[in-house]
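Colleague: Let me begin by handing over the structure; questions about it come next.
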Amino acid sequence: MGIWAARWRVALRIAWRDAALHKGRTALVVAMVALPLLAGTTLITVLQSAYPTLATTAQIELGDSAQARVQATGCGAGMVQSVDGQQSSCLGEAAEPPDPQAVLDEAFGPDLVVARELVGTVSNGDAARPWDVRELDVTDLPGIVTPIEGRLPSAPGEGLIGEFWVEGFGGIGDSIDITVGEQTTSVEIVGITGDIEGFSLAVQEPDSQYLYVAPGTLPGNGTASRLWYVTGDHAVTWDDVLELNEAGLLVTSRAVLLDPPASSAVPFDAVNEDDLRMTAYIAGIAALLLIEVVLLIGPAFAVGARRQARQLAQVAAHGGAPRDLRRIVLSSGLVTATTGGVIGLGLGLTAGAAIFGVLAWRGTPLPNLVLPTWELAALLLLALGIGLAAAWIPARTAARADVVATLGGRRHEAAPRKGVPRLGVAVAVLGALTAVLGAVIVRPVVLLGGVVLLEVGIILSAGGAIALVAGLAPRLGVAGRFAVREAARHRTRTGPAVAAVIAAVAVASTLMMYVAGSERAQQDAWQPLVPQPSVVVQLSEGLDPAAGAALVASVADELGDDVPFDAIHPVVAVATGDPSAADLTNVEMEIAPEKTCPWDQLTDAERRTDPSCSIVLHRGPFGTIVDDGTLMTELGIADDRAAQGLASGGVLVPDDMFVWSDGQAHLRVDVHDSTSSAEPEIRTVTAEASVEDWADRLGSLMVSPEVADAIGLGSVTAGALVVSAEPLDDAAVDRVQGAFSAVDENVQVLRDDPPSPANGAPMLISLAIASLVALVATGLATGLAGSHIAPDLATLLAIGAAPRTRRRIVAAQAVVIAGTGGLLGGIAGLCLGGVVVLWERAQGAWPDFPFVVPWQMAALVVAIPLVAGGAGYLFTRSRLPLVRRLAE
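If you're matching positions, the sequence shown starts at 29 in this note's numbering and goes up one per residue.
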């Protein structure tokens with residue numbers, strides 16, 4: 029053990045001195061390692077701080093002294109809850125719970141403070157809104173609400189308002205009215221509370237959501253729900269919580285929050301197991317990002333090992349074993365990764381604390397500042413893993429170097445193993461097949477695992493791709509020939525760079541194909557409401573059909589020649605019993621029994637492809653339309669047979685599955701009485717059915733007046749359709765809006781347009797990120813190659829090559845790396861894009877999801893090598909000092 033530690037101590041000392049000697053390269057690697065740790069630490073700090081700790085939850089929910097808060101859930105004996113009392117589940121058969129007041133009186137006696145909650149309309153004469161009102165004697169519960177201005181309400185008619193609502197409803201000394209049902213109560217604002225949990229991701233009841241009023245303020249008509257706070261010195265234990273759960277009561281206990289039970293003692297945890305899929309998604313995406321980081325910093329270690337070659341050869345000449353050489357190069361990875369990790373963690377903690385302070389200063393503070401603990405150790409180990417992974421291949425290469433050739437100043441590259449590219453191709457194929465399988469069976473974890481395998485395979489096969497490109501050398505000029513041969517000779521440096529470009533371009537191309545395919549799918553799925561261009565007018569309140577027809581006629585006369593429309597058609601729809609009601613009723617169509625989806629007999633894939641299981645109804649803007657065939661004929665929607673069906677008292681349905689064996693359609697409507705708590709009345713009716721695929725464009729279906737009467741509901745003019753030969757422009761639509769607004773100020777006027785194309789932001793972001801990663805990888809590979817090509821460039825200059833030859837060679841190197849990576853990345857992107865298409869089709873939402881290759885993808889593949897080559901040419905110095913060159 030002592031000898032092993034001594035060897036590592038020497039290796040780390042050598043690595044530290046090398047890092048101090050080459051500060052530029054070291055700073056680059058340290059920054060690349062620190063950046064992901066900086067982002068990770070900051071994110072973890074902010075997320076943990078956004079969720080209150082159990083101690084903070086106790087203070088927020090219970091104040092300074094309350095032992096517990098109890099809510100009635102309506103569940104019977106089968107209720108289970110989370111430790112913090114924020115979540116619950118009802119299990120078993122529904123049962124009538126016991127009276128919560130009686131249960132709590134028996135358990136806690138006089139140590140109870142009762143709060144009443146209800147939703148009332150709060151107004152100040154100018155503004156009004158529904159508001160959660162809580163009637164509570166806050167003086168009995170110190171710390172439950174803390175005023176930032178004024179005092180706590182103590183007498184009936186006094187209230188405490190949240191600071192967010194002060195501007196709209198008034199401050200201290202102003203009065204507001206609370207209306208509950210038909211009773212209105214005036215409340216004087218005596219205090220203002222701050223929203224101390226304003227940015228919390230977990231607290232569901234911040235103070236400023238409530239208007240707190242003193243006891244005796246709200247009307248005692250029984251409409252309010254109750255909430256109980258347990259006071260006194262008796263702690264409410266977890267056993268007490270479980271006992272109260274049996275009575276259907278949800279409990280937040282201070283004792284439980286400060287000393288939570290083991291997970292095995294919490295029934296809620298047993299029935300609500302964590303879904304590991306999201307963890308798998310995050311782990312897969314993180315793995316892809318970390319692989320990209322390793323690929324970017326790997327060439328730096330390769331060049332460092334190259335510059336250490338003579339030193340390593342001297343170690344070998346003095347008896348050092350190959351494992352000692354590997355240890356020295358790996359130590360470089362440990363030194364830089366440790367330095368980058370510590371810096372990244374420190375900056376991340378600082379950034380997290382700074383965000384906490386900024387949010388507090390802006391008035392939207394996090395509940396508490398929670399700094400990571402064990403996560404810091406995990407992130408530091410991650411940094412060490414990045415460093416070791418990036419240095420592993422250079423370490424192996426250094427261990428296999430020819431000692432004599434290195435000491436003699438001659439370059440020697442170990443022959444690359446031919447089996448590695450083959451293994452890479454096999455892994456890539458396996459990953460692609462796995463991704464396809466995951467897409468077909470709709471298993472995202474399998475799909476993501478296949479993508480990770482595909483990227484690993486690409487990395488392993490990148491060297492083979494470079495070797496294939498090197499075969500083009502005889503057909504290229506001096507600069508191109510030099511670049512491809514040099515890239516093939518130093519695959520430990522160029523291979524990771526090419527793989528990084530491939531991965532970046534592949535991911536960006538996949539995202540572009542998905543965005544383009546989604547836009548095309550939406551455009552293909554769009555269907556016009558009527559054959560002609562139209563504008564939809566939706567009235568906020570239904571009108572009597574005769575009044576609606578008169579309104580439409582007057583609007584048509586008013587618009588006259590100002591708007592180039594062909595006709596304005598009133599649309600009549602089934603409404604509730606009140607003809608002036610704005611709530612339109614959708615009458616449901618029942619599927620014929622023999623055409624019902626055999627759900628239990630099919631697999632998930634079969635359900636997604638079976639037409640009876642994947643029927644899509646448009647529903648339309650007008651509910652259930654009432655027409656005797658006239659409107660359908662005028663709009664050119666229905667043929668003579670369908671129009672005759674409506675005229676003879678039938679219905680139009682959008683699919684044959686709604687036509688029963690007797691040729692009838694069976695319709696059902698649930699009639700609700702908003703003034704009663706009784707169960708809805710179910711009405712059914714049958715009518716002769718005709719199939720018309722336009723039947724659900726304007727509404728859920730089309731029925732004749734006879735069917736509407738049979739249902740027993742009234743008919744109202746729900747709106748109108750303005751049809752024209754050409755789509756109306758914005759000015760014409762505004763004039764239509766103005767004409768109808770004179771009668772109905774809340775009318776909605778919408779042009780029936782196809783989905784507009786996206787603004788291109790996702791495409792541009794993908795293009796920018798992929799280009800940045802590709803240019804960084806290419807720049808690192810070409811910039812770090814200076815020590816490799818310096819002797820060759822010196823020889824070229826010595827034999828009369830023009831000074832610009834150096835710039836041309838560097839540009840050619842950049843084109844080789846970026847061009848090879850971009851081309852293969854584009855091909856990989858096409859494959860992954862195809863997997864995404866299969867995924868979307870298999871899910872069933874887009875069964876015909878298109879395979880679209882956007883022009884931005886081709887631009888990316890072409891632009892990256894051009895930009896990389898241009899940058900290499902422009903930012904490279906022409907002249908190079910002549911260096912000593914030994915014959916090899």
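Yeah, the Cβ is synthetic: ideal placement off N, Cα and C, and Gly gets one too.
Being a predicted model, the structure only gives us computed values, none of them experimental.
Of all the beta strand (DSSP E) runs that stay within the bounds of the segment 34-58, which reach a length of 3 or more residues?
Modeller: Those beta strand (DSSP E) runs which fall completely within the segment 34-58 and span 3+ residues do not exist here.
Colleague: If contacts are defined as beta-carbon pairs under 8 Å, then Gln566 and Pro783 qualify, I think. What distance do you get, rounded to the angstrom?
Modeller: Locating residue 566 in the sequence shown gives position 538, where the first residue counts as 1. Locating residue 783 in the sequence shown gives position 755, where the first residue counts as 1. Contact annotation, Gln566 with Pro783: C-beta distance approximately 19 Å; criterion of less than 8 Å not satisfied.
Colleague: If you draw a straight line from the C-alpha of Pro556 to the C-alpha of Leu858, how long is it?
Modeller: The count along the sequence shown starts at 1 and reaches residue 556 at position 528. The count along the sequence shown starts at 1 and reaches residue 858 at position 830. Those two C-alpha atoms are separated by around 32 Å.
Colleague: Measure how close the beta-carbons of Val161 and Gly148 come, nearest whole angstrom, since I'm counting them as under 8 Å.
Modeller: Counted from its first residue, the sequence shown places residue 161 at position 133. Counted from its first residue, the sequence shown places residue 148 at position 120. The Cβ separation is near 5 Å, so the contact holds.
Colleague: Contact between the segment 830-849 and the segment 461-472 is defined here as three or more beta-carbon pairs at a separation below 8 Å; is this criterion met?
Modeller: Contact between the segment 830-849 and the segment 461-472 is absent, because fewer than three Cβ pairs lie under 8 Å.
Colleague: Could you tell me which of Val453, Tyr240, Val264 sits nearest to Ala143, measuring between CA atoms?
Modeller: Counted from its first residue, the sequence shown places residue 143 at position 115. When the alpha-carbon of Ala143 is set against those of Val453, Tyr240, Val264, the nearest one is in Tyr240.
Colleague: Can you find a heavy atom of the ligand MN that lies under 8 Å from the Cβ of Gln339?
Modeller: In the structure shown, the ligand MN is absent, as is every other ligand, since no ligand is present at all.
Colleague: Would you check if the distance between the CB atom of Gly190 and the CB atom of Ser214 is smaller than 9 Å?
Modeller: Locating residue 190 in the sequence shown gives position 162, counting from the first residue. Locating residue 214 in the sequence shown gives position 186, counting from the first residue. Against a cut-off of 9 Å, the Cβ pair of Ser214 and Gly190 comes out as no contact.
Colleague: Taking buried to mean at least 16 other C-beta atoms within 10 Å of its own C-beta, is Thr652 buried or exposed?
Modeller: In the sequence shown, counting from the first residue as 1, residue 652 sits at position 624. It counts as buried.
Colleague: Below 7 Å CB to CB, which residues in the same chain sit around Pro893 once its five sequence neighbours on both sides are set aside?
Modeller: Your numbering for residue 893 matches position 865 in the sequence shown. Taken in chain order, the residues that qualify are Val843, Ala846, Gly847, Gly850.
Colleague: If you draw a straight line from the C-alpha of Gly861 to the C-alpha of Glu868, how long is it?
Modeller: Against the sequence shown, residue 861 aligns to sequence position 833. Against the sequence shown, residue 868 aligns to sequence position 840. Straight-line Cα distance between these residues: approximately 11 Å.
Colleague: Specify the secondary structure class of Leu571 as computed by DSSP and reduced to three states.
Modeller: One-based indexing of the sequence shown puts residue 571 at position 543. Leu571 falls in the strand class under three-state DSSP.
Colleague: Considering only residues of the same chain and omitting the five flanking positions on each side of Asp297, which have a CB-CB separation below 7 Å?
Modeller: Taking the first residue of the sequence shown as 1, we reach residue 297 at position 269. Here the set comprises Ser291.
Colleague: Would you kindly work out how many angstroms separate the C-alpha atoms of Ser116 and Cys103, rounded to a whole number?
Modeller: Residue mapping note: residue 116 aligns to position 88 of the sequence shown, counting from 1. Residue mapping note: residue 103 aligns to position 75 of the sequence shown, counting from 1. Ser116 and Cys103: Cα-Cα distance of roughly 10 Å.
Colleague: Mind checking who Ser562 pairs with in its DSSP beta bridge?
Modeller: Reading the sequence shown from its first residue, position 534 is the one you call residue 562. In the DSSP output, where bridge partners are listed per residue, Ser562 has Val751.
Colleague: Can you give me the C-alpha to C-alpha distance between Val357 and Val74, rounded to a whole angstrom?
Modeller: Mapped onto the sequence shown, residue 357 falls at position 329. Mapped onto the sequence shown, residue 74 falls at position 46. In a straight line, the C-alpha of Val357 is about 36 Å away from that of Val74.
Colleague: If you check the beta carbons only, do Trp266 and Pro128 fall under 9 Å apart?
Modeller: Here residue 266 corresponds to residue number 238 of the sequence shown, with the count starting at 1. Here residue 128 corresponds to residue number 100 of the sequence shown, with the count starting at 1. The Cβ atoms of Trp266 and Pro128 do not sit closer than 9 Å to each other.
Colleague: Could you work out which residue in Pro181, Pro449, Ser360, Arg836 is closest to Ile42 when comparing CA atoms only?
Modeller: Within the sequence shown, numbered from 1, the residue matching residue 42 stands at position 14. Among Pro181, Pro449, Ser360, Arg836, the Cα nearest to that of Ile42 belongs to Ser360.
Colleague: Which term fits Pro649, buried or exposed, when burial requires 16 or more other beta carbons within 10 angstroms of its beta carbon?
Modeller: Position 621 of the sequence shown, counted from the first residue, corresponds to residue 649. Buried, by the Cβ-count rule.
Colleague: Kindly indicate if chain C contains any beta-carbon less than 9 Å away from that of Arg509.
Modeller: Protein chains in the displayed structure number just one, and chain C is not present.
Colleague: How many Å lie between Ile664 and Val681 at the Cα?
Modeller: As a first step, residue 664 must be located in the sequence shown, where it is residue number 636. As a first step, residue 681 must be located in the sequence shown, where it is residue number 653. Residue 664 is actually Gly in this sequence, not Ile. Between the C-alpha atoms of Gly664 and Val681 there is a straight-line separation of about 16 Å.
Colleague: Taking only three categories from DSSP, how would you classify Pro502?
Modeller: As a working mapping, residue 502 is identified with position 474 in the sequence shown. Residue state, collapsed to three classes: helix.
Colleague: Considering Cα atoms alone, identify which of Leu82, Ile487, Gly374 is closest to Asp287.
Modeller: Numbered from its first residue, the sequence shown carries residue 287 at position 259. Considering only alpha carbons, the answer is Leu82.
Colleague: Between which two residues does the beta strand (DSSP E) carrying Leu902 extend?
Modeller: Position 874 of the sequence shown, counted from the first residue, corresponds to residue 902. If you look at Leu902, you'll find it isn't in any beta strand (DSSP E); it sits in the alpha helix (DSSP H) that goes 883-902.
Colleague: Specify, as a first and last residue, the run of the beta strand (DSSP E) that Ala715 falls within.
Modeller: Walking along the sequence shown from the start, residue 715 turns up at place 687. Its beta strand (DSSP E) spans residues 709-719.
Colleague: Less than 8 Å between the CB atoms is what I'm expecting for Ser689 and Ala620, so what's the real figure, rounded?
Modeller: Position 661 of the sequence shown, counting from 1, holds the residue named residue 689. Position 592 of the sequence shown, counting from 1, holds the residue named residue 620. Rounded to whole angstroms, the Cβ separation of Ser689 and Ala620 is 7 Å, and the two are in contact under 8 Å.
Colleague: Identify the residues that DSSP records as bridge partners of Trp256: which are they?
Modeller: The residue you call residue 256 lines up with position 228 of the sequence shown. According to DSSP, Trp256 bridges with Val98, Val142.
Colleague: DSSP three-state label for Leu778, please.
Modeller: Position 750 of the sequence shown, counting from 1, holds the residue named residue 778. Strand, per DSSP.
Colleague: Whether or not the segment 507-521 and the segment 762-782 are in contact is what I'm after, with contact meaning three or more pairs of Cβ atoms, one per stretch, closer than 8 Å; do they touch?
Modeller: Judged by pairs of C-beta atoms under 8 Å, the segment 762-782 does not touch the segment 507-521, as fewer than three such pairs exist.
Colleague: Beta-carbon separation of Val654 and Val731 under 9 Å?
Modeller: Translated into the one-based positions of the sequence shown, residue 654 becomes position 626. Translated into the one-based positions of the sequence shown, residue 731 becomes position 703. A Cβ-Cβ contact shorter than 9 Å links Val654 with Val731.
Colleague: Taking the alpha-carbon of Val880 as reference, which of Leu132, Asp684, Gly898, Ser537 has the nearest alpha-carbon?
Modeller: As a first step, residue 880 is located in the sequence shown; it is residue number 852 there, counting from the start. Closest by alpha carbon: Ser537.
Colleague: Should Arg355 go down as buried or exposed, given a rule of 16 or more other Cβ atoms within 10 Å for buried?
Modeller: Position 327 of the sequence shown, counting from 1, holds the residue named residue 355. Its Cβ being crowded by 16 or more others within 10 Å, Arg355 is buried.
Colleague: Can you tell me whether DSSP reads Ile88 as helix, strand or coil?
Modeller: What you label residue 88 is simply residue 60 of the sequence shown in a count that begins at 1. Correct three-state label for Ile88: helix.
Colleague: Out of curiosity, what's the CA-to-CA distance linking Thr85 and Leu132?
Modeller: Position 57 of the sequence shown, counted from the first residue, corresponds to residue 85. Position 104 of the sequence shown, counted from the first residue, corresponds to residue 132. In this structure, the alpha-carbon of Thr85 lies about 23 Å from that of Leu132.
Colleague: So the candidates are Ala770, Thr712, His518, Met660; which of them puts its Cα closest to the Cα of Leu726?
Modeller: On the sequence shown, residue 726 is found 698 positions in, with the first residue counted as 1. Ranking the options by Cα distance to Leu726, first place goes to Met660.
Colleague: Nearest to Ala427 by CA position, among Arg351, Met540, Gly452, is which residue?
Modeller: Here residue 427 is taken as the residue at index 399 of the sequence shown, counted from 1. The shortest C-alpha separation from Ala427 is found at Arg351.
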